[in-house]
Each structure stands twice: as structure tokens, then as C-alpha cells.
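**Student:**
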Amino acid sequence: MRFWKLVLMFMYVLPLPGMAENNELLKRFTVSGYIRDALNGEALIGATVFVKELKTGTIANSFGFYSLSLPAGSYTFEFSYVGYTAQVIAIDLQADRTVNIQLQPEPKELEEVVVTAEKPNANVARLEMSSNRLDTKTIRNVPALMGEVDLLKVVQMLPGVTATSEGTTNFSVRGGGYDQNLILLDDAPVYNASHLMGFFSVFNNDAIRDVKLYKGDIPASAGGRLSSLLDVRMKEGNNQKFSGTGGIGSVSSRLTLEGPVLKDRSSFIISGRRTYLDIFTPLASDKQLRDSRLYFYDLTAKANAAVNDRNRIFLSAYAGRDYFKNNFASMEFGNKTVTVRWNHLFSQRLFANATALYSRYDYALGFRFIEGVNFLWTYNMEDVTGKLDAIWYPNPENTVRFGMQSTYHILNPGRVSSGDVFPTYVLPAAYSLEHAVYMSNEQTISRRLSAKYGLRFSLFQNLGRGVVYHFDDQYNATDSVVYDAGKIFNTYSGFEPRIGLKYELNDVSSLKASYSRTRQYYQMASNSAAGTPLDLWFSASPNVKPQVADQVALGYFRDFMKHKVQASFEIYYKAMQNTIDFRDHALLYGNRKLEGELRFGESRAYGAEWMVQVPEGRLNGWISYTFSHTERTIPAINNGKTYLA
């Protein structure tokens with residue numbers, strides 16, 4: 000109830016210019032529609048809509064939808080997108096209008112259509128900070144490892160991001176752990192984003208449409224991790240014509256097929272990869288290598304259909320797996336995700352989508368000690384999520400976002416079987432619910448000053464059947480309690496405010512500031528700083544409080560040479576509560592009393608990030624420098640003295 004009271008207060012104080020005069024409000028009409036690529040029908044995320052007479056405008060959302068409410072009159076609309084020819088349309092606005100736009104790639108881009116989601120002055124003009132958007136051209140132009148272009152290797156090159164270990168895809172953002180990054184593929188969480196022990200990521204660049212990394216200033220619609228959000232969006236498929244692309248690399252091959260089901264109304268895309276090291280290992284001279292098998296594969300698919308002008312349905316899925324085997328051991332692991340989304344346009348000012356999500360990560364580790372004695376250890380975790388997100392465009396000065404989501408977590412931390420030789424050893428499963436509601440507003444206060452402010456409320460509940468151990472001051476288990484199936488035996492909750500400000504000093508420079516609070520209810524136990532496929536996730540519980548982070552950031556943004564060169568400088572400070580570390584020689588695997596190995600305290604991180612980027616032209620790329628310092632203070636570790644993390 001507290002949250003909804005705050006929401007009502009939020010709505011009450013929401014500035015809605017134009018409402019002071021009812022007659023003026025009655026004369027307002029809405030122009031809305033979708034902005035797409037004329038060649039393949041893909042939504043152009045972040046395309047710009049500008050009204051010349053009013054010097055105002057908006058940008059298209061994640062689905063290419065835009066909406067502007069304006070007083071009645073005649074206007075000149077300009078629709079633009081980097082790499083595309085702008086369209087200028089005169090509109091006599093005397094009633095609500097639907098105007099769908101198809102932009103043609105500029106002639107120089109026809110050979111290879113490049114999706115770039117930033118307008119030329121976005122570095123200075125956009126409200127958000129501490130974020131980077133990557134287009135497919137940028138990813139392709141980065142030097143490839145063994146012929147394979149990799150999204151996460153490009154992410155690691157951004158300011159504020161570091162690889163947890165040389166050559167792997169796990170990354171740390173602004174001093175956080177690699178388990179503090181929320182990685183989403185079409186809104187579905189990916190718990191292990193690596194192939195081949197971290198040398199490749201699970202993302203096939205041929206199927207990726209848009210990538211955005213938030214290092215801070217995370218939108219109120221996202222939560223559950225402390226440090227960052229990596230939002231990866233898949234292509235929708237060409238709804239104009241059938242096409243296929245492929246490639247053969249030194250370690251893998253890939254194939255992508257896409258095309259219309261019904262032209263202009265529905266499309267599909269299927270993209271797959273597979274390594275073929277296992278094809279050549281039987282030819283090796285070394286017997287141990289000859290008897291080994293090592294490969295990975297992944298398959299990405301998406302389909303969408305426009306039911307009518309107000310409804311569109313999307314279905315996307317991912318399945319990937321790694322496999323290794325020799326005469327003594329075997330290991331396999333993989334992810335599966337499914338996203339089902341329904342977009343609905345309630346009115347020209349209200350856009351919403353309902354989404355159902357499924358995500359699974361599992362691994363299996365097998366050993367053969369002696370003939371006839373085999374051990375198999377299996378682990379899996381699953382998420383089932385339902386969510387509703389909406390965007391309301393009351394007027395050009397405000398964009399309101401609100402929504403809710405619920406997730407059912409199922410965690411099976413371990414099962415060890417050996418046939419009939421030894422009894423099967425099973426760690427107790429853990430069940431939990433995670434809910435959230437949020438609301439935010441992006442507001443243009445004046446020509447130079449803009450703000451965004453929002454509030455997220457999250458609620459976490461442990462469910463039975465579950466076992467809770469009680470520990471003494473020496474972390475020895477003294478007792479345990481078993482809770483019945485379905486019983487809620489522990490609850491955590493909290494508010495997560497998000498605030499951002501932008502002040503444009505002039506047309507080529509701006510100052511920005513942000514504050515955000517984030518909470519994390521699931522974390523990882525690992526014996527390796529770099530991470531392995533066998534890492535264990537565990538949830539908050541009566542013994543484990545959720546981690547909480549508060550981050551503030553300040554930035555100066557400046558463009559040079561008519562926005563052809565973009566520069567930014569940011570400083571940040573992040574304070575984290577309930578930080579988790581492990582005692583020396585902690586027993587993490589197969590341990591029913593894992594919580595007794597944990598030690599709790601606090602940590603902080605601060606740093607500075609500098610970046611100069613040339614986004615377009617024959618010579619393009621960026622140079623960046625990051626200074627970062629992270630330290631922890633945990634009473635039970637290092638005699639309570641602060642140490643570097």
C-alpha cells in the first residue's frame with residue numbers, strides 16, 4: 000500500500016504542461032506510429048521525430064513506436080536516423096493521426112545496411128548517462144578472435160568495463176562482480192553468457208539488432224543486479240524478402256535465414272552456429288586428444304506477426320550448449336530462453352506490452368574413477384516470469400513509464416549419482432518469488448534542463464519446501480528448520496529510487512548527474528575470480544540479506560567538429576551494503592550449509608571514465624581510459640581491515 004500511495008502522489012505532482020487551460024488541452028491531438036527500415040521492416044530503435052515549428056520532438060522506443068501530443072495546427076515533421084535518408088512531412092493536425100514511416104538507407108549504406116541507434120548529437124542531448132549503445136557495424140569492425148566476432152569482447156572495451164580474466168567473456172562493471180551484471184536476451188535473463196570456457200559469448204552477432212549497456216543510471220524498469228544491465232535485442236527478420244547469410248571460420252560455421260511469412264505483416268529469423276573441433280580431434284596423433292570431444296552450438300530464432308494495427312505478437316527463443324568428453328570425464332552446460340510478447344496500442348498515447356519469459360541454465364559433470372564406477376553431478380536453475388510494461392505520452396514534455404513483473408525462481412543446487420555403487424546425494428532445492436512494480440517520468444523542464452525520476456519497489460520471498468540452518472558466532476550450524484512446500488518463510492523488500500538530470504550548456508556541451516539504488520537477491524559462489532561454468536547461484540535467505548548499492552555519477556559531455564567527434568568524462572562513487580565474500584578454503588560445492596562459508600560486510604568503488612569517440616566515417620572508433628578503485632571491509636576477513644577487491 001505504501002508504494003501505491005507514492006504512485007498516486009507521483010501522478011498528482013506530475014507536471015503536465017497545457018493542463019492549466021482546459022480549452023488548450025481539448026485542442027491537443029496526437030501523432031503516433033512506427034518507424035521502420037524500408038528494406039527489411041526492422042524497427043529503428045531511437046529514431047528521431049522533430050517538429051520544426053515548435054522545436055520539440057521525441058524518439059522511437061524499443062519497438063520503433065513514437066507518439067507526440069500537440070496543439071491543433073500545421074506542422075513540419077522530420078523523421079531521421081543515422082545512416083538513413085531523413086523524411087520531411089507536412090501534417091495538418093486537426094485530429095489524431097497515425098503516421099507510419101519507412102526510412103531508406105542512404106546510398107552509401109545500401110551495400111551493407113547499418114543499424115545505428117544514436118542521432119548525431121545524442122552524446123550531448125540525451126538525458127541518460129553511464130550508458131553505451133553498440134550497433135552491428137561497430138561489433139563487426141572490432142578485431143575477431145579466431146575469425147569470430149564477439150559481442151562481449153566489444154563490451155569489455157568500453158570505459159568502466161574490465162574483463163575478469165584475459166581472454167574470457169565475463170566482465171566487471173565499475174568495481175562490481177561479474178555476477179552483478181543483468182544480461183537480458185529479449186528480456187529473458189542469461190545466467191551464463193559464455194561458450195568454450197569463456198572464450199566466446201552466447202550471442203550470435205548475425206541475429207543481434209541492438210545492444211545497450213547501462214553501467215549506472217539503470218532504468219526503473221530493470222532490477223535484480225547491482226552493477227549493470229546489458230540489454231540485447233534480437234532482429235525481427237526481414238518482412239520484405241527472403242535472404243540467407245553464412246560464414247565459415249577457423250573454429251565454427253554459422254548460417255542465418257530470414258524472410259516474410261506474410262509480406263509487411265509477419266517475418267521470421269533463424270540463426271545457428273556450431274564449432275567443429277570434434278570433427279578434427281579423431282585425426283590427432285595424440286591418443287588422449289584423439290579420444291576427446293569438444294564443441295558448442297547455439298540456435299537463435301524469432302518470429303513476429305501483426306494481428307492488426309494495434310496488436311503484434313512476438314516469439315523468440317535461444318538454445319545453446321557446450322560439450323566436452325574424454326575417457327575419464329565429461330562436462331556439458333547450456334542456456335535456454337523463451338520470450339513471448341504481446342504489443343498492444345491502447346491509444347495513440349498509451350503503448351504497452353505483456354511478456355512471458357522462461358530461462359534455464361544447467362550443467363552436468365561426470366567422472367569415471369574405475370571401470371564400472373561413474374559419478375554424475377547435475378545442477379540447474381529456472382526462472383518463469385510474467386511482466387507488463389507501458390509507456391504513456393501525455394505531452395511532448397513528459398514520457399511516463401510504468402509496469403510490474405513477477406518471477407518464480409527454482410534452484411536445484413546439486414545432485415550426485417553413481418548408479419548402484421553409492422546412495423544418491425541430493426542438495427535441497429530452493430524456491431523463491433521476486434516481484435517488482437515501477438514508475439518513472441522523463442520530463443523536459445526547459446529548453447536546456449531535463450530530468451528523469453522514478454521509483455521501483457521490489458519484494459523477495461523464500462518459499463518452502465526449504466531448509467534453514469541456524470549458525471552461532473563461529474559460523475557452526477546449531478539447528479535447522481524445515482518449512483512445508485508453498486509456505487513463505489522469509490521476506491525482503493525495499494524502494495529503489497532512480498534520478499537523472501541534464502543541463503545543456505550550449506549546443507555542443509552538457510552536464511549530467513544521476514543517482515540510483517539497486518538490490519540483488521541472487522548471487523554467485525565461485526572459487527575463481529574469472530568464473531567457470533560450474534559456478535553456483537544462491538538466493539537471499541534468513542541468513543543472507545540482499546545486497547544493496549547506491550551509486551552517484553557526474554559527467555561532462557562535449558562534441559567537436561559538428562558532432563563528428565564526441566567526448567565524455569564521468570566520475571562515480573558506489574557504496575554497497577551486505578557485500579558477500581567467503582572464508583579461506585571455503586567448501587562451496589556439495590555443501591548443504593553453504594551459508595556458513597559466507598562472510599558479510601560492505602564495500603565501495605569509485606573512479607573516473609574518459610572517452611573520445613568518432614562514431615561515423617571511414618575512420619571510426621573510440622579511445623577510452625578508466626580509473627577504478629574498489630575495496631571491501633568485512634569484519635571476519637583480513638582481521639576486519641579494508642582490502643582491495
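If you use numbering that gives the first Met the number 0, the sequence shown corresponds to residues 0 to 644, in order.
For every residue, glycine included, the Cβ atom is placed at its ideal position computed from N, Cα and C.
None of the values given here were measured: they were computed from a predicted structure.
For Ile90, I'd like the list of residues in its chain whose CB is within less than 6 Å of its CB, leaving aside the five on either flank, ordered along the chain.
**Tutor:** For the purposes of this step, residue 90 is taken as residue 91 along the sequence shown, with counting starting at 1. Closer than 6 Å at the Cβ level, and outside the excluded window around Ile90, lie Tyr74 and Phe76.
**Student:** Identify, in the order they occur along the chain, each residue of the same chain with its Cβ nearer than 6 Å to the Cβ of Asn131, setting aside the five sequence neighbours on each side.
**Tutor:** Taking the sequence shown and counting its residues from 1, one reaches residue 131 at position 132. Only Leu157 and Leu212 meet the Cβ criterion.
**Student:** What is the DSSP secondary structure of Glu20, reduced to helix, strand or coil?
**Tutor:** Against the sequence shown, residue 20 aligns to sequence position 21. Unreliable positioning characterises Glu20 in this predicted model, as indicated by a pLDDT of 39, which lies under 50. The coordinate reading is nonetheless provided below. Note: Glu20 maps to coil in three-state DSSP.
**Student:** Just checking, does the stretch 555–566 make contact with the stretch 531–539 on the three C-beta pairs under 8 Å criterion?
**Tutor:** no
**Student:** Determine the DSSP secondary structure at Asp308, reduced to helix, strand or coil.
**Tutor:** By one-based count along the sequence shown, residue 308 stands at place 309. Coil, per DSSP.
**Student:** How about Leu150: is its Cβ closer than 7 Å to a heavy atom in the ligand NAP?
**Tutor:** Among the ligands in the structure shown, none appear at all, so the ligand NAP cannot be discussed.
**Student:** On the three-state DSSP scale, how would you describe Tyr177?
**Tutor:** What you label residue 177 is simply residue 178 of the sequence shown in a count that begins at 1. Here Tyr177 sits in helix by DSSP.
**Student:** What did DSSP end up calling Ala635 once you bin it into helix, strand or coil?
**Tutor:** For this step, residue 635 is matched to residue 636 along the sequence shown. In this structure, Ala635 counts as coil in the three-state DSSP scheme.
**Student:** One question on the structure: do Ala300 and Ile269 come within less than 8 Å of each other, judged by their Cβ atoms?
**Tutor:** Indexing the sequence shown from 1 puts residue 300 at position 301. Indexing the sequence shown from 1 puts residue 269 at position 270. Yes, these two residues count as a Cβ contact at 8 Å.
**Student:** Can you give the beta carbon distance from Ser227 to Asn169, rounded, assuming they're within the 8 Å contact cut?
**Tutor:** The sequence position of residue 227 within the sequence shown is 228, counting from 1. The sequence position of residue 169 within the sequence shown is 170, counting from 1. Not quite, the Cβ-Cβ distance comes to about 12 Å (not below 8 Å), so this is no contact.
**Student:** Rounded to a whole number of angstroms, what is the C-alpha to C-alpha distance between Leu43 and Tyr357?
**Tutor:** Start at 1 with the first residue of the sequence shown, and residue 43 comes out as number 44. Start at 1 with the first residue of the sequence shown, and residue 357 comes out as number 358. Near 26 Å, if we compare the C-alpha coordinates of Tyr357 and Leu43.
**Student:** Beta-carbon within less than 8 Å of Leu587's beta-carbon, same chain only, minus the 5 sequence neighbours each way: which residues are those?
**Tutor:** For this step, residue 587 is matched to residue 588 along the sequence shown. For Leu587, where only same-chain residues beyond five positions count, the Cβ hits under 8 Å are Ala524, Ser525, Asn526, Leu535, Phe581, Leu593 and Glu596.
**Student:** Using a Cβ distance threshold of 8 Å, determine whether the stretch 549–564 contacts the stretch 478–487, with at least three qualifying pairs required.
**Tutor:** no
**Student:** Mind checking which residues open and close the alpha helix (DSSP H) that includes Thr137?
**Tutor:** Along the sequence shown, read from residue 1 onward, the residue named residue 137 stands at position 138. Thr135 to Asn140 is the span of the alpha helix (DSSP H), which, as asked, contains Thr137.
**Student:** Taking the alpha carbon of Lys451 as the reference point, which residue from Glu127, Ala85, Thr274 and Asn489 has its own alpha carbon closest?
**Tutor:** Locating residue 451 in the sequence shown gives position 452, where the first residue counts as 1. Nearest of Glu127, Ala85, Thr274 and Asn489 to Lys451, Cα basis: Glu127.
**Student:** To the nearest angstrom, how far is the alpha carbon of Gln93 from that of Phe332?
**Tutor:** For the purposes of this step, residue 93 is taken as the residue at position 94 of the sequence shown. For the purposes of this step, residue 332 is taken as the residue at position 333 of the sequence shown. Gln93 and Phe332: Cα-Cα distance of roughly 59 Å.
**Student:** Note the first and the last residue of the continuous alpha helix (DSSP H) segment covering Leu651.
**Tutor:** It is not possible to answer for residue 651, since the shown part of the chain is limited to 0 through 644.
**Student:** To the nearest angstrom, how far is it from the Cα of Gln576 to the Cα of Glu52?
**Tutor:** Here residue 576 corresponds to residue number 577 of the sequence shown, with the count starting at 1. Here residue 52 corresponds to residue number 53 of the sequence shown, with the count starting at 1. Spanning the two alpha carbons is a distance of roughly 50 Å.
**Student:** For Asn326, does the three-state DSSP call read helix, strand or coil?
**Tutor:** If you number the sequence shown from 1, residue 326 lands on position 327. It is coil, neither helix nor strand.
**Student:** For Gln546, list the residues DSSP reports as bridge partners.
**Tutor:** The residue given as residue 546 occupies position 547 in the sequence shown. Under DSSP, Gln546 shares a beta bridge with Gln519.
**Student:** So Val210 and Val231 are supposed to be a Cβ contact under 8 Å. How far apart are they, rounded?
**Tutor:** Here residue 210 corresponds to residue number 211 of the sequence shown, with the count starting at 1. Here residue 231 corresponds to residue number 232 of the sequence shown, with the count starting at 1. The pair is a contact, with the Cβ atoms about 5 Å apart (cut-off 8 Å).
**Student:** Please name the residue in Gly246, Thr244, Asp583 and Ser171 whose C-alpha comes closest to that of Thr629.
**Tutor:** On the sequence shown, position 630 is the one that residue 629 refers to. Looking at the Cα atoms, Ser171 is the closest of the given residues.
**Student:** Would you mind stating whether Ser315 and Asp419 have Cβ atoms separated by less than 8 Å?
**Tutor:** Start at 1 with the first residue of the sequence shown, and residue 315 comes out as number 316. Start at 1 with the first residue of the sequence shown, and residue 419 comes out as number 420. In this structure, Asp419 does not lie closer than 8 Å to Ser315 by Cβ.
**Student:** Can you tell which of Gly63, Asp95 and Lys486 has its C-alpha closest to the C-alpha of Gly72?
**Tutor:** In the sequence shown, counting from the first residue as 1, residue 72 sits at position 73. Cα-wise, what sits closest to Gly72 is Asp95.
**Student:** So, with DSSP's three-state summary, where would you put Gln86?
**Tutor:** In the sequence shown, the residue the question calls residue 86 occupies position 87. Three-state DSSP puts Gln86 in a strand.
**Student:** Leaving out the 5 sequence neighbours to the left and right, which residues in its chain are closer than 6 Å to Val399 when beta-carbon positions are compared?
**Tutor:** For the purposes of this step, residue 399 is taken as the residue at position 400 of the sequence shown. So the list reads Trp391 and Asn440, once near-sequence residues are dropped.
**Student:** What does the Cβ neighbour count give for Gln473, buried or exposed, with the cut at 16 atoms within 10 Å?
**Tutor:** Position 474 of the sequence shown, counted from the first residue, corresponds to residue 473. Label assigned to Gln473: exposed.
**Student:** Can the beta-carbon of Asn191 be found less than 8 Å from the beta-carbon of Tyr360?
**Tutor:** As a first step, residue 191 must be located in the sequence shown, where it is residue number 192. As a first step, residue 360 must be located in the sequence shown, where it is residue number 361. Their beta carbons are under 8 Å apart, which means Asn191 touches Tyr360 by this criterion.
**Student:** What residue from Lys286, Gln442, Tyr624 and Gly616 has the CA that sits closest to Thr137's CA?
**Tutor:** By 1-based counting over the sequence shown, the position of residue 137 is 138. Checked all of Lys286, Gln442, Tyr624 and Gly616; the closest Cα to Thr137 is Gly616.
**Student:** Go through its chain and collect everything with a Cβ distance to Val141's Cβ below 6 Å, but skip five positions before and after it.
**Tutor:** Stepping through the sequence shown from its first residue, residue 141 is reached at position 142. Cβ within range, chain order: Val153.
**Student:** DSSP beta-bridge partners for Ile207?
**Tutor:** As a position in the sequence shown, residue 207 is number 208, starting the count at 1. Note: Ile207 sits in a beta bridge opposite Met233.
**Student:** To the nearest angstrom, report how far apart Ser66 and Ala59 are at their CA atoms.
**Tutor:** As a position in the sequence shown, residue 66 is number 67, starting the count at 1. As a position in the sequence shown, residue 59 is number 60, starting the count at 1. Each residue's Cα considered, the two are about 8 Å apart.
**Student:** For Glu441, list the residues DSSP reports as bridge partners.
**Tutor:** By 1-based counting over the sequence shown, the position of residue 441 is 442. Note: Glu441 sits in a beta bridge opposite Thr398 and Lys451.
**Student:** Going by C-alpha to C-alpha distance, which of Gly223, Ile100, Pro70 and Gln86 sits closest to His434?
**Tutor:** Counting from one through the sequence shown, the residue named residue 434 turns up at place 435. Cα-wise, what sits closest to His434 is Gly223.
**Student:** Going by beta carbon distance, what residues of the same chain come within less than 6 Å of Ala428, once the five residues before and after it are set aside?
**Tutor:** For the purposes of this step, residue 428 is identified with residue 429 of the sequence shown, where counting begins at 1. Counting only Cβ-Cβ distances below 6 Å, and skipping sequence neighbours, we find Asn411.
**Student:** Near Thr161, which residues of its chain fall below 6 Å by C-beta distance, leaving aside the five closest residues on each side in sequence?
**Tutor:** By 1-based counting over the sequence shown, the position of residue 161 is 162. Here the set comprises Ser171.
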